[in-house]
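Worksheet: the structure to be examined is printed underneath.
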Amino acid sequence: MRIDIITCLPKLLDSFFNQSILKRAQEKNLAQIIVHDLRDYTTYKHKQIDDYAFGGGAGMVLMIEPIDNCISHLRAQRQYDEVIYMTPDGENFSQPLANQFSMFANIIILCGHYKGVDERVREQFITREISIGDYVLSGGELPAAVVSDALIRLIPGVLSDETSALTDSFQDNLLAPPVYSRPADYKGWVVPDVLLSGHEAKINQWRVDQATERTKVRRPNMLE
Ligand code: ADE
6 MRIDIITCLP
16 KLLDSFFNQS
26 ILKRAQEKNL
36 AQIIVHDLRD
46 YTTYKHKQID
56 DYAFGGGAGM
66 VLMIEPIDNC
76 ISHLRAQRQY
86 DEVIYMTPDG
96 ENFSQPLANQ
106 FSMFANIIIL
116 CGHYKGVDER
126 VREQFITREI
136 SIGDYVLSGG
146 ELPAAVVSDA
156 LIRLIPGVLS
166 DETSALTDSF
176 QDNLLAPPVY
186 SRPADYKGWV
196 VPDVLLSGHE
206 AKINQWRVDQ
216 ATERTKVRRP
226 NMLE
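Shown next, in the form of structure tokens:
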């Protein structure tokens, strides 16, 4: 999977994609993440990429020209499954959407900033608008990182234990059950006996029961 991210703050994303699982996914050629600096695509003086909103009002708007130049440049090289705009008024991101998007070969993610992008960008270039929750962040960079992380960890071969993405919270409409590690007794706080029993069927049943109970208490809507 190839993800092209268009942003005016590329440095914000560099370190995120160069750590841990996402770094290894790229080293194994399972994912390619290319961050594009919007300022490299403007023809305005002083690398300008934003301007005042017509009609007045506070806040700058990302201009259409550099975004058009960048998206058109990318589209001339390959076909994209979606051109996604990160925005708080988009469709709410969720595990089912992550599963669906993880099948794509190529996507573009455009990060908004300031007051957002010229509306014509949304009309002409964007095929999907995604929000990561009902709160407003300063820009689309963290949301783009969130979405990319959720997709890349689902690509087969990215996680060392192939089953581990399948047992995540939300994958089976249940939250994940609790997990424990050594020591079995820490200051008298002990691990449930069943997990030390070696009895696989009982352990699996315990995990399902715990996941169901946790979901009932914390997210009853998921069981409806
Ligand atoms: N940009 C600013 N806030 C956002 C949010 N909640 N989701 C996606 N993009 C955003």
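Residue numbering for the sequence shown follows our numbering, beginning at 6 and increasing consecutively.
Quick reminder that beta carbons are idealized off the backbone N, C-alpha and C, glycines included.
Note that the structure is a prediction, hence the values are computed from the model and not measured.
Three-way DSSP call (helix, strand, coil) for P71 in this model:
On the sequence shown, position 66 is the one that residue 71 refers to. It is helical.
Alpha carbon to alpha carbon, how far is T217 from D177?
As a position in the sequence shown, residue 217 is number 212, starting the count at 1. As a position in the sequence shown, residue 177 is number 172, starting the count at 1. Whole-angstrom Cα-Cα distance: 11 Å.
Ligand 1 and S136: does any heavy atom of the ligand fall closer than 7 Å to the residue's C-beta?
As a working mapping, residue 136 is identified with position 131 in the sequence shown. S136: yes, Cβ under 7 Å from ligand 1.
Are the beta-carbon atoms belonging to I112 and Y85 less than 8 Å from one another?
Here residue 112 refers to the residue found at position 107 when the sequence shown is read from its first residue. Here residue 85 refers to the residue found at position 80 when the sequence shown is read from its first residue. Yes. Within cutoff.
Best match in Y90, A36, V222 and C75 for proximity to T47 [C-alpha to C-alpha]
The residue labelled residue 47 in the question sits at position 42 within the sequence shown. Checking every option, the nearest Cα to that of T47 belongs to C75.
Along the alpha helix (DSSP H) that carries V126, what are the first and last residues, could you check?
As a first step, residue 126 must be located in the sequence shown, where it is residue number 121. E124 to Q129 is the extent of the alpha helix (DSSP H) around V126.
For the candidate residues G144, G95 and P148, whose alpha-carbon lies nearest to that of R127?
Within the sequence shown, the letter at position 122 stands for residue 127. The shortest Cα separation from R127 among G144, G95 and P148 belongs to G95.
Applying the criterion that 16 or more other CB atoms from any shown protein chain within 10 Å of the CB defines a buried residue, is H51 buried or exposed?
Indexing the sequence shown from 1 puts residue 51 at position 46. Under a 10 Å Cβ-count criterion, H51 is classified as exposed, with fewer than 16 other Cβ atoms of the shown protein chains found around its own Cβ.
With C-beta atoms as the reference, is L180 less than 8 Å away from R219?
Counting from one through the sequence shown, the residue named residue 180 turns up at place 175. Counting from one through the sequence shown, the residue named residue 219 turns up at place 214. Yes, the pair counts as a contact, with Cβ atoms nearer than the cut-off.
is_contact[I72, chain D] using C-beta, thresh 8 Å:
Any reference to chain D falls outside this structure, which holds one protein chain only.
Just to confirm, does G193 get its C-beta within under 7 Å of one of the non-hydrogen atoms of ligand 1?
Position 188 of the sequence shown, counted from the first residue, corresponds to residue 193. Flag unset: Cβ of G193 not near ligand 1.
DSSP on N97, reduced to helix/strand/coil?
As a first step, residue 97 is located in the sequence shown; it is residue number 92 there, counting from the start. In the structure shown, N97 sits in a strand (DSSP, three-state: E or B).
N88 CB to nearest heavy atom of ligand 1 below 7 Å
In the sequence shown, counting from the first residue as 1, residue 88 sits at position 83. First, the amino acid is wrong: residue 88 is Val here, not Asn. No, the beta carbon of V88 sits no closer than 7 Å to any heavy atom of ligand 1.
Distance check for R223 and Q53, CA to CA, integer angstroms please.
As a first step, residue 53 must be located in the sequence shown, where it is residue number 48. As a first step, residue 223 must be located in the sequence shown, where it is residue number 218. Our two residues, Q53 and R223, have alpha carbons roughly 47 Å apart in a direct line.
Helix, strand or coil: how does DSSP classify N23 here?
On the sequence shown, position 18 is the one that residue 23 refers to. It is helical.
Could you tell me whether the Cβ atoms of I208 and V199 are closer together than 8 Å?
The count along the sequence shown starts at 1 and reaches residue 208 at position 203. The count along the sequence shown starts at 1 and reaches residue 199 at position 194. Contact: yes.
Beta carbon of G162, beta carbon of K33: below 8 Å?
By one-based count along the sequence shown, residue 162 stands at place 157. By one-based count along the sequence shown, residue 33 stands at place 28. In this structure, K33 lies closer than 8 Å to G162 by Cβ.
Between E146, K221 and L79, which has its C-alpha nearest F130's C-alpha?
Translated into the one-based positions of the sequence shown, residue 130 becomes position 125. Looking at the Cα atoms, L79 is the closest of the given residues.
Identify every run of the beta strand (DSSP E) within the stretch 42-70, keeping only runs that are complete inside it and at least 3 residues long; order them along the chain.
55-57 and 65-67
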